[in-house]
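For what it's worth, UniProt numbering labels the leading residue of the sequence shown as 1, then goes sequentially. Each remark here refers to the structure printed beneath this line.
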Amino acid sequence: MFSSFLNIKPRGNKMAQAEQKRGLFAQKNKGKRFTFEGKNTNTDQLVRGEVVAKDEEEARKKLQRRGIRPLRISKVKATKKRRITQEDITVFTRQLATMMKAGLPLMQAFEIVARGHSNPSMTEMLMQVRADVEQGSALGKSFAKYPKYFDRFYCNLIAAGEAGGVLESLLDKLAVYKEKTQAIKKKVKTALTYPISIVVVAIALIFVMMRWVLPEFGKVYAGMGAELPGLTKIVMDISKIFVEYGWLMIVMVIAICFGVYKLHEKSPNFQKRIDAMVLRLPIFGQIVRKATIARWARTTSTLFAAGVPLVEVLDSVAGAAGNILYEEATQDIRAKVTQGLSLTSSMQSTDMFPNMVIQMAAIGEESGSLDDMLNKAAEFYEDEVDNSVAQLSSLMEPIIMVVLGSIIGTLLVAMYLPLFNLGNVVG
1 MFSSFLNIKP RGNKMAQAEQ KRGLFAQKNK GKRFTFEGKN TNTDQLVRGE
51 VVAKDEEEAR KKLQRRGIRP LRISKVKATK KRRITQEDIT VFTRQLATMM
101 KAGLPLMQAF EIVARGHSNP SMTEMLMQVR ADVEQGSALG KSFAKYPKYF
151 DRFYCNLIAA GEAGGVLESL LDKLAVYKEK TQAIKKKVKT ALTYPISIVV
201 VAIALIFVMM RWVLPEFGKV YAGMGAELPG LTKIVMDISK IFVEYGWLMI
251 VMVIAICFGV YKLHEKSPNF QKRIDAMVLR LPIFGQIVRK ATIARWARTT
301 STLFAAGVPL VEVLDSVAGA AGNILYEEAT QDIRAKVTQG LSLTSSMQST
351 DMFPNMVIQM AAIGEESGSL DDMLNKAAEF YEDEVDNSVA QLSSLMEPII
401 MVVLGSIIGT LLVAMYLPLF NLGNVVG
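What follows is the structure in structure tokens.
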């Protein structure tokens, strides 16, 4: 017997079942959480679980009204809730797959993983999913209630595993998929973190120099009656703009960035333009394109291997594309496949896929091994992303150093150039 947030039986007691459900959703109610251990007064069965109440006395009374004689009641320490991330979902998927491969029943594996998770918010959600499954809901449908964390691809794969009786193997495939896609994202982010950090620090340094340091030098030179060189005059004029409008410039930059982010989130047309622009960027655009193709191929391969029909596969792949141009291309492929065209010819008509991917898909269609060929394509492009990220890192560092070094060097020269003319002033 496995306890949930509130483990109250006997069987068939509707009131107890209702209380159990309320216990599972206790976070929505006001009050403190208490763990308890007691005995069912009807069956003398030992029960454990959680109850929500204002204090320990009220918790004791609630349990007594439910037919439980409490033996021990302890207040649950409040834990700060953390946001659920895709990394949490990946770790959960791998742990669940491992436990099911070890022979544990789904409900037992689910509870062990949920209770042992380091994120309380994740534990809370997983226990709610477990409660739904216990009440007869399919696991895929229970996950679908949380689309923010479990996308259509995830739910479809789980549903296919349940329908085919191969949930264990598909959970393993799903875990591999999540780990691969997370690894690609992490590598791209890691490659960009260092150069972006350097740029941010350099911009902050330039702002401080233009806003506070250069004006002080200007006052010193003005007091000495020194004739400023042309370069210094230009830099001082720019510095005056920073002095007068510096904070306004910062506010405007923040407002523009926030506006672009919100517009990208709300407007599909704007999102399409931004995504197209990103793909056209030198070097970085190629990395994004390769990462998107790798994800597209791996998603298609994983779902097709699970026995999901191709049209449904393309539905899920469109939602998981990560780029609106590839999402639209996938929807176009789906429409043509529905009309009876082959996957290969449909992919070719979009002009979004390299010849190598199309050729591998064609071989897969002809040989009946589409999932295997697309999996190989995914592995190839994942390796390409690794190589491109390494090249980007090695290329960007010297370029950034040269550009920023030139800017800061020019400011320093402009600051100290008048010192060479001080001899004329003193003389």
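Every residue gets a Cβ at the ideal spot worked out from N, C-alpha and C, and that includes glycine.
Residues of its chain near N29, where Cβ-Cβ distance is below 6 Å and the 5 sequence neighbours each way are ignored: Counted from its first residue, the sequence shown places residue 29 at position 29. Its pLDDT being 43, under 50, N29 is placed unreliably by the model, and the measurement read from it follows with that caveat. Here the set comprises V52.
A335 versus P309 - alpha carbon distance: Position 335 of the sequence shown, counting from 1, holds the residue named residue 335. Position 309 of the sequence shown, counting from 1, holds the residue named residue 309. The straight-line gap from Cα to Cα measures roughly 14 Å.
Distance, I324 Cα to Y268 Cα: Position 268 of the sequence shown, counted from the first residue, corresponds to residue 268. Position 324 of the sequence shown, counted from the first residue, corresponds to residue 324. Here the sequence assigns Pro to residue 268, which means Tyr is not the residue at that position. Taking the straight line joining both Cα atoms gives about 8 Å.
Residue closest to W212, alpha-carbon to alpha-carbon, out of Y245, M224, A97: Stepping through the sequence shown from its first residue, residue 212 is reached at position 212. Comparing Cα-Cα distances from W212 to each of Y245, M224, A97, the minimum goes to Y245.
DSSP three-state assignment for N355, whether helix, strand or coil: For the purposes of this step, residue 355 is taken as residue 355 along the sequence shown, with counting starting at 1. Helix.
Residue burial classification, R82 (beta-carbon count within 10 angstroms, cutoff 16): Translated into positions along the sequence shown, residue 82 becomes position 82. R82 should be labelled exposed.
G368, DSSP secondary structure in three states: Mapped onto the sequence shown, residue 368 falls at position 368. It is coil, neither helix nor strand.
Below-8 Å beta-carbon distance, E58 vs any chain C residue: In the structure shown, chain C does not exist; there is a single protein chain.
Contact the segment 183-194 vs the segment 385-397: 3+ CB pairs below 8 Å: yes
Coarse secondary structure for V52, derived from DSSP in three states: Against the sequence shown, residue 52 aligns to sequence position 52. Strand.
Own chain partners of F143 with C-beta closer than 7 Å, once the 5 adjacent residues on each side are dropped: Counting from one through the sequence shown, the residue named residue 143 turns up at place 143. Taken in chain order, the residues that qualify are V129, F150, Y154, C155, I158.
For K240, the three-state DSSP class (helix, strand or coil): By 1-based counting over the sequence shown, the position of residue 240 is 240. In the structure shown, K240 sits in a helix (DSSP, three-state: H, G or I).
Beta-ladder partner(s) of T35, from DSSP: As a first step, residue 35 is located in the sequence shown; it is residue number 35 there, counting from the start. BP columns for T35 point to E50, S74.
Cβ shell of T410 (< 6 Å), same chain only, five flanking positions each side left out: The count along the sequence shown starts at 1 and reaches residue 410 at position 410. Nothing meets the Cβ criterion.
Proximity winner among S342, M249, G285, relative to F207 (alpha-carbon distances): What you label residue 207 is simply residue 207 of the sequence shown in a count that begins at 1. The candidate whose alpha carbon is nearest that of F207 is M249.
Pair within 8 Å by beta-carbon distance, L171 and G164: Counting from 1 along the sequence shown, the entry for residue 171 is found at position 171. Counting from 1 along the sequence shown, the entry for residue 164 is found at position 164. No.
Straight-line Cα distance separating L228 from S388: As a first step, residue 388 is located in the sequence shown; it is residue number 388 there, counting from the start. As a first step, residue 228 is located in the sequence shown; it is residue number 228 there, counting from the start. Taking the straight line joining both Cα atoms gives about 47 Å.
Opening and closing residue of the alpha helix (DSSP H) in which Q128 lies: Walking along the sequence shown from the start, residue 128 turns up at place 128. Taken as a continuous stretch (DSSP letters only), the alpha helix (DSSP H) holding Q128 covers 120-134.
Y261 classed as buried or exposed, judged by whether at least 16 other C-beta atoms fall within 10 angstroms: As a working note, residue 261 is residue 261 in the sequence shown. Its Cβ having fewer than 16 others within 10 Å, Y261 is exposed.
Alpha-carbon spacing of I287 relative to D386, whole angstroms: Taking the sequence shown and counting its residues from 1, one reaches residue 287 at position 287. Taking the sequence shown and counting its residues from 1, one reaches residue 386 at position 386. Each residue's Cα considered, the two are about 9 Å apart.
Endpoints, the alpha helix (DSSP H) within which Y326 is located: Counting from one through the sequence shown, the residue named residue 326 turns up at place 326. That run of the alpha helix (DSSP H) goes 324-338.
Beta-carbon proximity check, T181 vs R295, cutoff 8 Å: Here residue 181 is taken as the residue at index 181 of the sequence shown, counted from 1. Here residue 295 is taken as the residue at index 295 of the sequence shown, counted from 1. Contact flag set, yes.
Rounded straight-line distance, which links the Cα of V413 to that of K235: Working through the sequence shown from its first residue, we reach residue 235 at position 235. Working through the sequence shown from its first residue, we reach residue 413 at position 413. The sequence as given places Val at residue 235; Lys does not occur at that position. Distance between the alpha carbons of V235 and V413: 10 Å.
Residues near T330 in its chain [Cβ-Cβ closer than 8 Å; skip 5 each side]: Counting from one through the sequence shown, the residue named residue 330 turns up at place 330. Cβ neighbours of T330 beyond the five flanking positions: W296, L314, V317, A318, A321.
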